[in-house]
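For reference, the structure is listed below as structure tokens.
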Amino acid sequence: MNRPILFITRPLPQPVMDAMPGHYQMLAEPVDRPATAEELRCGFSRADAVICTLADRIDASLLSNTTQLKIVANYAVGYNNIDLSAAAERGIIVTNTPDVLTDATADLTWALLLAVARRVGEGDAWIRTGNWTGWTPTQMLGADITGKTLGIIGMGRIGQAVAQRAAGFRMRILYAGSHVVSSPPGLSWTWQSLDTVLTHSDFLSLHVPLTDTTHHLIGQRELARMKPTAFLINTSRGPVIDEAALLSSLEARTIAGAGLDVYEHEPTISPALCSLSNVVLLPHLGSATLHTRVRMGLICLDNIASALEGRSATNRVN
Ligand code: DGY
Numbered sequence: 008m009n010r011p012i013l014f015i016t017r018p019l020p021q022p023v024m025d026a027m028p029g030h031y032q033m034l035a036e037p038v039d040r041p042a043t044a045e046e047l048r049c050g051f052s053r054a055d056a057v058i059c060t061l062a063d064r065i066d067a068s069l070l071s072n073t074t075q076l077k078i079v080a081n082y083a084v085g086y087n088n089i090d091l092s093a094a095a096e097r098g099i100i101v102t103n104t105p106d107v108l109t110d111a112t113a114d115l116t117w118a119l120l121l122a123v124a125r126r127v128g129e130g131d132a133w134i135r136t137g138n139w140t141g142w143t144p145t146q147m148l149g150a151d152i153t154g155k156t157l158g159i160i161g162m163g164r165i166g167q168a169v170a171q172r173a174a175g176f177r178m179r180i181l182y183a184g185s186h187v188v189s190s191p192p193g194l195s196w197t198w199q200s201l202d203t204v205l206t207h208s209d210f211l212s213l214h215v216p217l218t219d220t221t222h223h224l225i226g227q228r229e230l231a232r233m234k235p236t237a238f239l240i241n242t243s244r245g246p247v248i249d250e251a252a253l254l255s256s257l258e259a260r261t262i263a264g265a266g267l268d269v270y271e272h273e274p275t276i277s278p279a280l281c282s283l284s285n286v287v288l289l290p291h292l293g294s295a296t297l298h299t300r301v302r303m304g305l306i307c308l309d310n311i312a313s314a315l316e317g318r319s320a321t322n323r324v325n
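In this note's numbering, the protein residues as written are 8 to 325.
This is how it looks when you write it as structure tokens:
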């Protein structure tokens, strides 16, 4: 019997690589750089199953050049990199990795929020110059977090996990989103229109998937509604923010700062953004803990096993 062919576009953490079932035929050893268009084309044309990452663009032309592909397991919760309807037209299952990365992403959102409000990156960089001469009463004054208003755009799994962490900071929580989500016992959050959340938040955190509707959800008009003392945090997808508009707001200080883990033209980041002191920039680390990334990989393998054995894949999104 022919062994099913598995194509992986990037090496996954070692415990996941070790867990690959021996009865799969690996197409090629994955290499630690983005797969080229030709490598993707070649892999997709031969594989029964693919594990790809958010950096791989899986479009209709790639999917139309497949012969036996049954499943594309995206190693991410977001799947804006995949043409879902083109996959569905060819009967190809697409899956994602929800739930297991909720806490890691919520934690990192808070790391960015705390870092930008309390100028952690600036302070660290200053110490490393060797030029710090000691404590002064006016040095590097930041913004308070406790008791302030946190605005969440998109109250899904990650938005809720971010909001729950705000309890320790006694924050007022407002959120905007397509549906009302009741708050858990002991915590209170309130649905408001996007404009109201923009206007009242001291910290605004984005947790929407990237779709045609959310592309540039935060642009010049929305930024202009934010308080000049407010901070914008993004751990969702870069194109949810119009980055040129954000840059202008940050330069003009019409908002106080931003904490960004994702970028509109990832991995290209505008040098102007990098030159600003009122931003904290991370290289898309939302789910980047070993435990989380291993669990994401095991979910991909689980979904692949289901699809190849004709069972329904738990995390199917198309
Ligand atoms: C996701 O899963 O969508 C994250 O962005 C990966 O870190």
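Virtual Cβ for every residue (Gly too), placed ideally from N, Cα, C. Computed from a predicted structure; not experimentally measured.
**Request:** Tell me, please, whether the segment 106-123 touches the segment 293-308 by the rule of three or more beta-carbon pairs shorter than 8 Å.
**Result:** Yes, the segment 106-123 touches the segment 293-308.
**Item:** Proximity to C49 [Cα-Cα], best of L69, D63, V101 and H222
**Value:** Closest option to C49, Cα to Cα, is L69.
**Distance CB(N322)-CB(P216) smaller than 9 Å** = No, Cβ-Cβ distance for N322 and P216 is not below 9 Å.
**Prompt:** Which residue from R232, L47 and N9 puts its Cα closest to that of H30?
**Reply:** H30 has its Cα closest to that of N9, out of R232, L47 and N9.
**Prompt:** Does the pairing of the segment 237-245 with the segment 185-203 give three or more beta-carbon distances under 8 Å?
**Reply:** No: fewer than three Cβ pairs fall under 8 Å.
**Pocket of the ligand DGY defined by Cβ to heavy atom distance under 5 Å** = Qualifying residues, in the order they occur: A83, V84, G85, G293 and S294.
**Item:** I262, DSSP secondary structure in three states
**Value:** Coil.
**Request:** Count the other C-beta atoms from every protein chain shown that fall within 10 angstroms of the C-beta of S294, then say buried if there are 16 or more, exposed otherwise.
**Result:** With 16 or more neighbouring CB atoms inside 10 Å of its own CB, S294 falls in the buried class.
**Asked** What's the call for I134, buried or exposed, on a 16-neighbour Cβ count within 10 Å?
**Response** Counting Cβ neighbours within 10 Å, I134 comes out exposed, since fewer than 16 surround it.
**Asked** When you compare only the Cα positions, how much space is there between I252 and A93?
**Response** According to the sequence as given, residue 252 is Ala; it is not Ile. When the Cα atoms are used, A252 and A93 turn out to be separated by approximately 33 Å.
**Message:** If I measure Cβ to Cβ from S208 and keep anything under 8 Å in the same chain, skipping five residues before and after, which residues do I get?
**Reply:** The answer, listed in chain order, is T156, L157, G158, L181, M233, K234 and A237.
**Item:** Buried versus exposed, by CB contacts within 10 Å (16 or more), R228
**Value:** It is exposed - the Cβ of R228 has fewer than 16 other Cβ atoms within 10 Å.
**Prompt:** Beta-carbon separation of A56 and I78 under 9 Å?
**Reply:** The answer is yes: Cβ separation under 9 Å.
**Asked** In chain order, what residues of the same chain have a beta carbon less than 8 Å from the beta carbon of L91, not counting five sequence neighbours either side?
**Response** The residues V101, V324 and N325, in chain order, have a CB closer than 8 Å to that of L91 in the same chain once the five nearest residues on each side in sequence are set aside.
**Prompt:** Anyone know if the C-beta pair for F176 and I152 falls short of 9 Å?
**Reply:** With respect to the 9 Å criterion, F176 and I152 are classified as neighbours on the basis of their beta carbons.
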